[in-house]
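Have a look at the structure below, then the notes.
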Amino acid sequence: MYASRGLLLGLIGVIIYGQVLIHKYEKSIKFEKFRTRELEKKLKLALETIRNMETNPDLVHSRDFNLDYLRMRMSEEVFYFAIVNQIKIKIKDKISLALRLDQSQQGQVGVASSTGRQVDQLFDVEYETGVPPNIVKRVLFRIQIRLMKLPTQATSTTISQIMDCIETYLSPRDDDDS
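Structure representation (structure tokens):
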């Protein structure tokens with residue numbers, strides 16, 4: 001008799017424990033469903049925003065417009081020298097450090113080693129805008145330079161070749177698309 005009461009109490013305890021676990025899991029499933037719905041709403045909103053931006057006629061060709069405008073401004077001598085000199089300085093600073101290894105590890109001073117690191121540098125080109133009391137430096141564009149295989153030539157030659165490429169890209173174009 002005591003054994004059957006003990007088994008009955010044990011069974012009631014297991015049932016109550018099971019109900020608590022079931023309630024806990026139902027609560028967590030309900031929370032996960034809510035979270036999934038919210039994430040789906042955010043995804044829909046993001047996709048809608050992207051679709052609107054991609055189909056907006058003002059923004060579809062904005063990158064091409066910005067490049068054309070930049071090339072047009074590069075035909076102005078003052079703007080051209082300000083931008084090109086800034087690019088040259090930043091390339092010399094950032095790329096020459098990345099190209100050169102320590103002189104103790106390098107066979108020739110001033111020559112990039114083909115066994116050296118790969119180069120991946122990113123820098124901003126800035127331009128001052130506004131009237132004299134409120135001059136603000138703004139980022140015009142960003143340049144990323146990646147060299148996967150370093151040439152076996154002088155660092156200065158590599159830097160001048162990079163500069164030639166950038167100047168050609170930024171130069172006002174006639175009919176060719178370089």
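For the sequence shown, full-length UniProt numbering assigns the number 1 to the initial residue and increments by one for each residue that follows.
Don't be surprised by glycine CBs; every beta carbon is placed ideally from N, CA and C.
For residue i, the residue or residues it bridges with in DSSP
{"i": "ILE143", "result": "PHE123"}
{"i": "GLU128", "result": "LYS137"}
{"i": "ALA82", "result": "Note: ALA82 sits in no beta bridge, so no partner."}
Top-ranked residue by Cα proximity to residue i, from the options
{"i": "ALA154", "options": "THR168, LYS92 and VAL125", "result": "LYS92"}
{"i": "ALA98", "options": "PRO132, THR158 and VAL84", "result": "THR158"}
{"i": "VAL119", "options": "VAL139, ARG138 and LYS149", "result": "LYS149"}
{"i": "LYS94", "options": "PHE34, ARG37 and SER156", "result": "SER156"}
{"i": "VAL125", "options": "LYS27, GLN19, TYR80 and ILE22", "result": "TYR80"}
Beta-carbon proximity of residue i to residue j, cut-off 9 Å
{"i": "LEU70", "j": "LEU122", "result": "no"}
{"i": "VAL78", "j": "GLU167", "result": "no"}
Contact test: residue i Cβ vs the ligand FMN heavy atom, cutoff 8 Å
{"i": "SER160", "result": "Absence of the ligand FMN from the depicted structure is noted, as is the absence of any ligand whatsoever, leaving it without description."}
Query raised in the report: Quick check: the segment 37-46 against the segment 132-145, are there 3 or more CB pairs under 8 Å?
Result: The segment 37-46 makes no contact with the segment 132-145, as fewer than three CB pairs between them are under 8 Å.
Query raised in the report: Are the segment 156-169 and the segment 79-96 touching, with three or more C-beta to C-beta distances below 8 Å?
Result: Using a C-beta cut-off of 8 Å, the segment 156-169 makes contact with the segment 79-96, since at least three inter-stretch Cβ pairs fall below that distance.
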